[in-house]
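Enquirer: My numbering applies: residue 123 is where the sequence shown begins, and numbers increase by one.
C-beta: ideal position from N, C-alpha, C; glycine also.
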Amino acid sequence: MKVCVTPREGLYQVLAAVFNAFEREPAIAELGVLKGENALRMQQTFAPESLMLVDSWSADSQKAYSPFETLPAWVSPPETFAYYYGGPLDDPATWERLYQNCIDKFVDQPNVQIVRKDSHSAYEDVRQRIAGRGLDLLYVDASHQYEYVLRDLLTWQDLVRPDGVMMLNDCCYSRKGAMQNLGVLEALVNFLKRSDFVPVAMTNTDFSDVVLVRKGSYMIEAIDTALANSDVPFVELPPQLLGAARVVNGHHRANLSFC
Numbered sequence: 123m124k125v126c127v128t129p130r131e132g133l134y135q136v137l138a139a140v141f142n143a144f145e146r147e148p149a150i151a152e153l154g155v156l157k158g159e160n161a162l163r164m165q166q167t168f169a170p171e172s173l174m175l176v177d178s179w180s181a182d183s184q185k186a187y188s189p190f191e192t193l194p195a196w197v198s199p200p201e202t203f204a205y206y207y208g209g210p211l212d213d214p215a216t217w218e219r220l221y222q223n224c225i226d227k228f229v230d231q232p233n234v235q236i237v238r239k240d241s242h243s244a245y246e247d248v249r250q251r252i253a254g255r256g257l258d259l260l261y262v263d264a265s266h267q268y269e270y271v272l273r274d275l276l277t278w279q280d281l282v283r284p285d286g287v288m289m290l291n292d293c294c295y296s297r298k299g300a301m302q303n304l305g306v307l308e309a310l311v312n313f314l315k316r317s318d319f320v321p322v323a324m325t326n327t328d329f330s331d332v333v334l335v336r337k338g339s340y341m342i343e344a345i346d347t348a349l350a351n352s353d354v355p356f357v358e359l360p361p362q363l364l365g366a367a368r369v370v371n372g373h374h375r376a377n378l379s380f381c
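Have a look at this one:
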């Protein structure tokens, strides 16, 4: 697993180069879209054959934030993050604004399909839309709570082509992440034990991104070669250390530690 000194966009450039080398115009799906900013980056970087954006844009999505009626002292209440969402998280108007903001980014872009459902409810809809095609890239960024992330990974892996790629966001331990009750890293470690996917690259950033491919896929060598020939600095670690990833914040930047 290569730990790369680059933001998510740097890995997008590497993956785009790999898809181009194999003359693949990728079919992409993103689970968890919110403002559509990451979706727009993928649209611009990959020029995909299709881009399916799955999000409920609903205040109900916050019900999964914690299973406890009273939040534990180490978890911040959802309203703490209202600034990021542009309004109260329990107000439907906040989510309608986010939905409209996303739609406005993709006017007159016919390859983009928006599925306004939560990731679990949308699975069958997307499966039918890509029947016989499969996904070249699945970006998982919906609910970040452990059980929901694990369900997304175990369910949606079946729609990823044998030589396709999965990416996850917010896949590390940090104090900020713990305050948001994030369970992405723990869910991924569990998923890797249950599946034939392996991590091949990770960003050395706060709220890290991780790239997964299947064991035996030619994409392992292709991504390794693309990274080795890019200007992205990296260090290679055994993938078994992934579960130890934690953010260490310095005066100038965040770094990952595996100790």
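If you drop the 5 nearest sequence neighbours on each side, which residues of the same chain put their C-beta closer than 6 Å to that of N234?
Expert: One point to set straight first is that residue 234 is Val, not Asn, in the sequence displayed. Here the set comprises L173 and F228.
Enquirer: Does M301 come out as helix, strand or coil in the three-state DSSP assignment?
Expert: Of the three classes helix, strand and coil, the one that applies to M301 here is helix, per DSSP.
Enquirer: Check whether the Cβ of V370 lies closer than 7 Å to any heavy atom of the ligand HEM, and answer yes or no.
Expert: No copy of the ligand HEM appears in this structure; indeed no ligand is present at all.
Enquirer: What is the rounded straight-line gap between the Cα of Y207 and the Cα of A149?
Expert: Going by the C-alpha atoms only, they are around 28 Å apart.
Enquirer: If we ignore side chains and look at the alpha-carbon of each, how far apart do Y245 and A264 end up?
Expert: Spanning the two alpha carbons is a distance of roughly 13 Å.
Enquirer: Mapping DSSP to helix, strand and coil, what is I345?
Expert: Looking at I345 - three-state DSSP - the assignment turns out to be helix.
Enquirer: Decide if Y270 is buried, meaning its Cβ has at least 16 other Cβ atoms within 10 Å, or exposed.
Expert: Flag for Y270 reads buried.
Enquirer: Check whether the Cβ atoms of L257 and L290 sit closer than 8 Å, and answer yes or no.
Expert: Against a cut-off of 8 Å, the Cβ pair of L290 and L257 comes out as no contact.
Enquirer: Identify whether S93 lies in helix, strand or coil by the three-state DSSP scheme.
Expert: Because residue 93 is not part of the residues shown, which for the chain are 123 to 381, the question remains open.
Enquirer: Tell me, which residues are paired with R336 by DSSP?
Expert: DSSP lists F319 as partners of R336.
Enquirer: For a test of the three-state rule: what should DSSP assign to L211, helix, strand or coil?
Expert: Coil.
Enquirer: What first and last residue would you give for the beta strand (DSSP E) that runs through A366?
Expert: Per DSSP, A366 belongs to no beta strand (DSSP E) and is neither H nor E.
Enquirer: Around the C-beta of T202, are 16 or more other C-beta atoms found within 10 angstroms, so that it is buried, or is it exposed?
Expert: The residue is exposed, with fewer than 16 neighbouring Cβ atoms inside 10 Å.
Enquirer: Find the nearest neighbour of C294 within the set W196, F380 and D182, judged by alpha-carbon distance.
Expert: Considering only alpha carbons, the answer is F380.
Enquirer: Given this structure, state the Cα-to-Cα distance separating M164 from S330, to the nearest angstrom.
Expert: Answer to the nearest angstrom: the Cα atoms are 17 Å apart.
Enquirer: Going by beta-carbon coordinates alone, are D328 and S352 separated by less than 8 Å?
Expert: No, the Cβ-Cβ distance between D328 and S352 is not below 8 Å.
Enquirer: If we require 4 or more residues per run, which alpha helix (DSSP H) segments fall completely within the stretch 127–151?
Expert: With a minimum length of 4 residues, the continuous alpha helix (DSSP H) runs that stay inside the stretch 127–151 are 130–143.
Enquirer: From which residue to which residue does the alpha helix (DSSP H) around A244 run?
Expert: Taken as a continuous stretch (DSSP letters only), the alpha helix (DSSP H) holding A244 covers S241 to R251.
Enquirer: Given that a residue counts as buried once 16 or more other Cβ atoms are within 10 Å of its Cβ, and exposed if not, what is L304?
Expert: That one is buried.
Enquirer: Looking at the unbroken beta strand (DSSP E) that takes in Y270, where does it start and where does it end?
Expert: Unbroken run through Y270 is the alpha helix (DSSP H), Y268 to W278; no beta strand (DSSP E).
Enquirer: Reducing DSSP to helix, strand and coil, say where Q235 ends up.
Expert: The answer is strand: DSSP assigns Q235 an E or B state.
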